[in-house]
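Here's the structure we're looking at; comments come further down.
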Amino acid sequence: MSLWPTPNYPRVETYPKQKDSFIVLAGPCSIESPEQVEEIAAEISQYPITFMRGGVYRAGTYPREEFGLQRDLLFDWKEIAKKHKLDIVVEVLDIRLLDVIDRAADAFQIGARHMQDYALLKEISKTPKTVFLKRNMGAKLDEFLGACEYLLQGSCKPVLIERGSSSYHDHVRWELSVSTIAAIKNKCHVPIIVDASHGSGRRSLVLPLTLSGIAAGADGFLVETHPTPDLSLSDANQAYPLEDFGHIFDKALGIRNIR
Ligand code: PEP
Ligand code: MN
Numbered sequence: 004m005s006l007w008p009t010p011n012y013p014r015v016e017t018y019p020k021q022k023d024s025f026i027v028l029a030g031p032c033s034i035e036s037p038e039q040v041e042e043i044a045a046e047i048s049q050y051p052i053t054f055m056r057g058g059v060y061r062a063g064t065y066p067r068e069e070f071g072l073q074r075d076l077l078f079d080w081k082e083i084a085k086k087h088k089l090d091i092v093v094e095v096l097d098i099r100l101l102d103v104i105d106r107a108a109d110a111f112q113i114g115a116r117h118m119q120d121y122a123l124l125k126e127i128s129k130t131p132k133t134v135f136l137k138r139n140m141g142a143k144l145d146e147f148l149g150a151c152e153y154l155l156q157g158s159c160k161p162v163l164i165e166r167g168s169s170s171y172h173d174h175v176r177w178e179l180s181v182s183t184i185a186a187i188k189n190k191c192h193v194p195i196i197v198d199a200s201h202g203s204g205r206r207s208l209v210l211p212l213t214l215s216g217i218a219a220g221a222d223g224f225l226v227e228t229h230p231t232p233d234l235s236l237s238d239a240n241q242a243y244p245l246e247d248f249g250h251i252f253d254k255a256l257g258i259r260n261i262r
């Protein structure tokens, strides 16, 4: 008898095909002020987006970039989004914040740095809400799908996000892995979307790389957008101008429709 019997849990390969949909996450890297949220929500709510995104509790690569203690803004954001009929997706950095975030969030995001926080994955999997899982910048396909299987053990609806790998290239901050998107589409029916904002770190590359991800089979996209991109408190180099949001939305939908 095996000491380690194979448990009978849902495997990523057996996840049922989802209804075709176009999943779009748009919003700032960080929630900065009620005024900023209002301006962004007013613009993006003119399009059929799935969730408004924004970092409330933020993780930075360096501790000096950590300024995510804007807990009160979470509830301001929720109110403003509701006024514009937008649902919101909020990153959960820490299992201890799950309860408070759950009061406002319509969906959760697990960031790249937490993809293998298995305690967090297990706890969050119990929600009936959608959970967006970002691939860690160093994770291989099987590690990404393994993390996804933790989510499949619960009742949440997982959606994967390809957000780029560490690479030797210095013209990008992280390098989008289009092959990961295509390979996942060959392997399972868990939806996957492309995040070319983090997957390049460069404003000028966000549009072409978003379109390449959609062409490779992505079920939608994530874009960080800001009314004054250069003044974004975080990830300013990749912030996509809010006034151009309609352009990227239309182009991405156009590629999806001819795919
Ligand atoms: C984010 O989406 O704001 C974020 C921090 O992304 P990542 O976890 O991919 O770095
Ligand atoms: Mn960001």
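Going by the working numbering, the sequence shown opens with residue 4, and the numbers climb by one from there. Virtual Cβ for every residue (Gly too), placed ideally from N, Cα, C. Treat the numbers as computed from the prediction; the structure is a model and nothing was measured.
Discussion item. The ligand PEP and Val-116: does any heavy atom of the ligand fall closer than 7 Å to the residue's C-beta?
Written reply: Counting from one through the sequence shown, the residue named residue 116 turns up at place 113. In the sequence on display, residue 116 carries Arg and not Val. In this structure, the ligand PEP has a non-hydrogen atom nearer than 7 Å to the beta-carbon of Arg-116.
Worksheet item: What residue from Tyr-12, Phe-25 and Arg-14 has the CA that sits closest to Ile-258's CA?
Response: As a first step, residue 258 is located in the sequence shown; it is residue number 255 there, counting from the start. Here the closest residue by C-alpha is Phe-25.
Worksheet item: What's the call for Gly-114, buried or exposed, on a 16-neighbour Cβ count within 10 Å?
Response: Within the sequence shown, residue 114 is the residue found at index 111, counting from 1. When all chains shown are included, Gly-114 counts as buried.
Worksheet item: Taking 7 Å as the cut-off, is the CB of Cys-32 close to at least one heavy atom of the ligand PEP?
Response: Counted from its first residue, the sequence shown places residue 32 at position 29. Cys-32 Cβ: within cutoff of the ligand PEP.
Item to complete: May I ask which residues mark the beginning and end of the alpha helix (DSSP H) holding Pro-37?
Response: Position 34 of the sequence shown, counted from the start, is the residue given in the question as residue 37. Pro-37 -> alpha helix (DSSP H) spans 37-47.
Worksheet item: According to DSSP, what are the bridge partners of Leu-136?
Response: Along the sequence shown, one-based indexing puts residue 136 at 133. Leu-136 is bridged to Ile-113 and Leu-163.
Practice prompt. Inspect the beta-carbon positions of Val-134 and Val-15 and report whether they are closer than 8 Å.
Written response: One-based indexing of the sequence shown puts residue 134 at position 131. One-based indexing of the sequence shown puts residue 15 at position 12. Contact annotation: Val-134 and Val-15 have beta-carbon atoms that are not nearer than 8 Å.
Discussion item. Among the candidates Ala-219, Lys-190 and Arg-176, whose CA atom is the shortest distance from the CA of Val-197?
Written reply: As a working mapping, residue 197 is identified with position 194 in the sequence shown. Residue Ala-219 is the option with its Cα nearest to Val-197.
Item to complete: May I have the straight-line CA-CA distance separating Thr-64 from Ser-128, to the nearest angstrom?
Response: As a first step, residue 64 is located in the sequence shown; it is residue number 61 there, counting from the start. As a first step, residue 128 is located in the sequence shown; it is residue number 125 there, counting from the start. When rounded, the distance between both Cα atoms is 26 Å.
Worksheet item: Between which two residues does the beta strand (DSSP E) containing Leu-236 stretch?
Response: Translated into the one-based positions of the sequence shown, residue 236 becomes position 233. Element bounds for Leu-236: n/a, residue is neither H nor E.
Worksheet item: Does the count of Cβ pairs from the region 170-182 and the region 204-220 closer than 8 Å reach three?
Response: yes
Discussion item. In whole angstroms, give me the CA-to-CA distance for Val-59 and Lys-20.
Written reply: Taking the sequence shown and counting its residues from 1, the one referred to as residue 59 is at position 56. Taking the sequence shown and counting its residues from 1, the one referred to as residue 20 is at position 17. Distance between the alpha carbons of Val-59 and Lys-20: 32 Å.
Practice prompt. Would you check if the distance between the CB atom of Ala-29 and the CB atom of Ile-83 is smaller than 8 Å?
Written response: As a position in the sequence shown, residue 29 is number 26, starting the count at 1. As a position in the sequence shown, residue 83 is number 80, starting the count at 1. For Ala-29 and Ile-83, no; Cβs fall outside 8 Å.
Fill in: Buried versus exposed call for Ser-169 [16 or more other C-beta atoms within 10 Å across all chains shown]
In the sequence shown, residue 169 corresponds to position 166, counting from 1. Exposed, since its Cβ has fewer than 16 Cβ neighbours within 10 Å.
Worksheet item: Is DSSP giving Ala-29 helix, strand or coil here?
Response: Position 26 of the sequence shown, counted from the first residue, corresponds to residue 29. DSSP places Ala-29 in strand when its eight states are reduced to three.
Worksheet item: Can at least three beta-carbon pairs, one atom from the region 143-151 and one from the region 89-108, be found at a separation below 8 Å?
Response: no
Practice prompt. Along the alpha helix (DSSP H) that carries Thr-213, what are the first and last residues, could you check?
Written response: One-based indexing of the sequence shown puts residue 213 at position 210. If you look at Thr-213, you'll find it in the alpha helix (DSSP H) that goes 206-218.
Discussion item. Going by C-alpha to C-alpha distance, which of Arg-166, Val-226, Ser-207 and Pro-37 sits closest to Thr-53?
Written reply: Within the sequence shown, the letter at position 50 stands for residue 53. Out of Arg-166, Val-226, Ser-207 and Pro-37, Val-226 has the C-alpha closest to the C-alpha of Thr-53.
Fill in: Beta-carbon gap between Gln-119 and Tyr-12 smaller than 8 Å
The residue you call residue 119 lines up with position 116 of the sequence shown. The residue you call residue 12 lines up with position 9 of the sequence shown. Not in contact: Gln-119 and Tyr-12 (Cβ atoms no closer than 8 Å).
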